[in-house]
Amino acid sequence: MEGNSGGGGGNDVELLCKTLQVEHKLFYFDLKENPRGQYLKISEKTSATRSTIIVPVNGIVWFLDLFNYYVDSSSADNNDVFSKELQLDTKVFYFDVGENKRGRFLKVSEASVSRNRSTIIVPAGSARDEGWAAFRNILAEMNEASRLLILPNQQSPESSERLVGLSDDVGAGFISGQSSQTAPSPELSVERSVGWQDEVGNLGVSKVFRADQKRFFFDLGSNNRGHFLRISEVAGADRSSIILPLSGLKQFHEMVGHFVDITKDRIEGMTGANVRTVEPPQR
DNA sequence: GCGGCTA
Numbered sequence: 030m031e032g033n034s035g036g037g038g039g040n041d042v043e044l045l046c047k048t049l050q051v052e053h054k055l056f057y058f059d060l061k062e063n064p065r066g067q068y069l070k071i072s073e074k075t076s077a078t079r080s081t082i083i084v085p086v087n088g089i090v091w092f093l094d095l096f097n098y099y100v101d102s103s104s105a106d107n108n109d110v111f112s113k114e115l116q117l118d119t120k121v122f123y124f125d126v127g128e129n130k131r132g133r134f135l136k137v138s139e140a141s142v143s144r145n146r147s148t149i150i151v152p153a154g155s156a157r158d159e160g161w162a163a164f165r166n167i168l169a170e171m172n173e174a175s176r177l178l179i180l181p182n183q184q185s186p187e188s189s190e191r192l193v194g195l196s197d198d199v200g201a202g203f204i205s206g207q208s209s210q211t212a213p214s215p216e217l218s219v220e221r222s223v224g225w226q227d228e229v230g231n232l233g234v235s236k237v238f239r240a241d242q243k244r245f246f247f248d249l250g251s252n253n254r255g256h257f258l259r260i261s262e263v264a265g266a267d268r269s270s271i272i273l274p275l276s277g278l279k280q281f282h283e284m285v286g287h288f289v290d291i292t293k294d295r296i297e298g299m300t301g302a303n304v305r306t307v308e309p310p311q312r
């Protein structure tokens, strides 16, 4: 009953399909597209059961980050591995690490208002998290494929990319406590193209600073959708930017403040360099 | 030839 009622989609096109075997489980990755856009279907199949989660296209990169986090933190023999939750549109994904006599595993479950919770469980693998790392690698392929195959007219901030709350340490009522109070979720669109010759409605408010080899430009602008802050990273000939609607600026500020705070604690506490990060290690 | 998982 993969509902083909309404706009739900019987005519979904497969853009890229991969399978991954981890121990005796089989994972199917299907990047698909329907009139509503792209999504990634991940199915776990064992001999008797099959369960599936559906990841909106804008969530693939978050899945990638999270799998990197779990691969890195466990290869570093770090025992402080946290549960994470990821909100995308109307769905929430929960990431939890567990362990039993069979070994370590990562449980990813999807909860949405309309459907029952569905869960996949990814074994860490026998040696060196080969299961999680392989899973991560396929996510990277899927992410790249979706980036290359997406049509230009699907990249409007309104439909394609929507933020997205990412929280550490599953806390009581993080999702529900916040959603009742706040206005519509902020949108953060990511602009991957290079160069914007048409400076649409630049308000002339710009600032720049430098960090290592990069320069960061902050430009207020506006277009027919309203005002936004464009933050551009320029390194050599490469530049990329994010477009932040002003409706999300306050939360962006709080988010940055949060990370300033926690990194300040880590550094000034001097109780050992125990900084956790989601970034892959730079070698 | 596993088998984990609250909704």
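One gets our numbering by counting positions in the first sequence from 1 and adding 29 to each.
Glycine residues also receive a C-beta, built at the ideal position from the N, C-alpha and C atoms.
- In the structure shown, SER235 falls within a strand segment according to DSSP collapsed to helix, strand and coil.
- The residues ALA264, GLY265, in chain order, have a CB closer than 8 Å to that of GLN242 in the same chain once the five nearest residues on each side in sequence are set aside.
- Closest in C-alpha terms to LYS74, from the list ARG65, ILE271, PHE56, SER141, comes PHE56.
- CA-to-CA, the gap between ILE291 and ILE271 works out to about 24 Å.
- Non-local C-beta neighbours of THR119 in its own chain, meaning closer than 7 Å and more than five positions away in sequence, comprise SER141, VAL142, ordered along the chain.
- A distance below 7 Å between beta-carbons, with the five flanking residues on each side excluded, links GLU43 to the following residues of its chain, in chain order: ASP59, LYS61.
- Taking C-beta separations shorter than 6 Å and ignoring five residues to either side along the sequence, the partners of SER102 in its chain run VAL110, following chain order.
- Note: THR81 is bridge-paired with SER72 in the DSSP secondary-structure output.
- Sixteen is the threshold: since fewer than 16 other Cβ atoms of the shown chains lie within 10 Å of the Cβ of GLY127, the residue is exposed.
- In the structure shown, the three-state DSSP call for ALA163 is helix.
- SER276 and ILE150 have their C-alpha atoms some 37 Å from each other.
- Of the other Cβ atoms in all chains shown, fewer than 16 fall within 10 Å of the Cβ of PHE238; this residue is therefore exposed.
- Taking 8 Å as the cut-off, the beta carbon of VAL100 is found no closer than this to the beta carbon of PHE92.
- With 16 or more other Cβ atoms inside 10 Å of its own Cβ, ASP248 counts as buried.
- Rounded to whole angstroms, LEU45 and GLY286 show a C-alpha spacing of 39 Å.
- Measuring C-alpha to C-alpha distances from GLY66 to each of LEU278, VAL86, ASN129 identifies VAL86 as the nearest.
- Under the DSSP assignment, LEU275 falls outside any beta strand (DSSP E); it carries neither an H nor an E label.
- Of the residues PHE288, GLU139, ASP125, the one whose Cα lies closest to the Cα of THR148 is GLU139.
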